[in-house]
Amino acid sequence: MDKDIKKKGSKKHKVGLQLVVLSVLIAALAAFATGVYQGRIPLALKMAERYSVRGVDISYYQGDVDWQVLENGLSFVYMKATEGSGHQDIRFEENLAGALETDLAVGAYHFFSFESSGKTQADHYIEVVGRWDGMLVPAVDVEYYSSYEGVIDAEAIREELQLLLDELEAYYGCKPVIYTTMTAYKTLIQGEFTEYPLWIRNIYYHPLFSGRNWVFWQYSDKGMLDGYSGEEKYIDLDVFRGDELDLESHRIYDSSEAE
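Shown next, in the form of structure tokens:
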């Protein structure tokens, strides 16, 4: 009888210890996840260190850019050019002229609108951006904005996006890069557009996909570099999945004018 009581007491003690340990582990994991989400634990920053080809993406928010300073340590830059069917970034022409004076690989991106046709958006991008020898392939930014998340016709959006991509491919002779957030990827891109290079935004951890690789990764929206003085103190930081030679395959080296 005494031995049975001791055994029962010992089992209860072990179970109690296990519950305490489990609770501590859960609390630690929750704290870690919160730290990553809030940016206090720079997990993505550490994971991005393995990639040697680095770049930034910018818009008018970065203000005046000293390209001779900003290019230090970077291999490429994408700059915002257009949005929808009529908006042009007010700094695009200035940024493009400055960036082309550096050794950076330079590209222009378009912010995709859910409110206008893919055809007119492509026409707008082509008119504003044109082409230059050695430009990075066009990039199309697909993400939710305003109150559109969860209230759009995903199939209709995909159809317009495909029209935009087709028009850009016909003009530039290459498949554009699709930039997207994890949320937009899961609801609009996943399982579709599989032949297009993917540029993923994930500022928390290394992007993980089943059966699909990314080409560019925006790993931080809180970068701070020398060389710009706009209202936004931060700059988006990106890496390329490959080496400098691989990056060349994403540039357009046809100096002839498109028809």
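If you read the sequence shown in the numbering used here, its first letter stands for residue 2, the second for the next number, and so on. Glycine is no exception: its CB is placed at the ideal position from the N, C-alpha and C atoms.
Comparing C-alpha distances from THR181 to each of ALA49, VAL78, ILE204, GLU50 shows the shortest one belongs to ILE204.
As the crow flies, the alpha-carbon of VAL129 is around 10 Å from that of ASP90. For ILE127, the enclosing alpha helix (DSSP H) stretches over residues 119–130. For LEU97, the secondary structure class from DSSP, reduced to helix, strand or coil, is helix. At the C-beta level, TYR79 and ALA123 stay beyond 9 Å of one another.
Around the beta carbon of TRP215, a 10 Å sphere encloses 16 or more other beta carbons of the protein chains shown; the residue is thus reported as buried. Nearest to ILE153 by C-alpha distance, out of ALA45, GLU50, ALA185, is ALA185.
Looking from the CA of MET225, the closest CA among PHE217, ARG213, ASP239 belongs to ASP239. By the 16-neighbour rule on beta-carbons within 10 angstroms, TRP133 is exposed. Among the bridge pairs identified by DSSP, GLU233 is matched with none. By DSSP's assignment, GLU84 forms a beta bridge with HIS88, PHE112. Note that the segment 97–109 touches the segment 61–77; at least 3 beta-carbon pairs, one per stretch, sit closer than 8 Å. Under the three-state reduction of DSSP, TYR172 is assigned to helix. Per the C-alpha coordinates, the member of SER86, ILE179, ALA171 positioned closest to GLY119 is SER86. DSSP places THR181 within a strand segment (E or B) once states are collapsed to three.
Excluding the 5 residues flanking it on each side, HIS207 has same chain C-beta neighbours closer than 6 Å at MET48, in chain order. Here ALA98 is exposed: its Cβ has fewer than 16 other Cβ atoms, across all protein chains shown, within 10 Å. Counting along the chain, LYS187 sits inside no beta strand (DSSP E), nor does DSSP assign it H or E at all.
The alpha-carbon separation between GLN163 and VAL54 amounts to approximately 29 Å.
Sorting VAL57, TYR62, ALA45, ARG51 by C-alpha distance to the C-alpha of GLU232 places TYR62 at the top.
Note on SER60: 16 or more other CB atoms within 10 angstroms of its CB, so buried under the neighbour-count rule. By DSSP's assignment, ILE153 forms no beta bridge with any residue.
The three-state reading of DSSP puts TRP218 in strand, counting E and B together.
Across the set ARG213, GLN69, SER114, ARG252, the C-alpha of SER114 shows the shortest separation from the C-alpha of ILE158. Cβ-Cβ distances below 7 Å link HIS125 to THR83, SER86, GLY87 in the same chain, with the five nearest sequence neighbours on each side left out; the list follows chain order.
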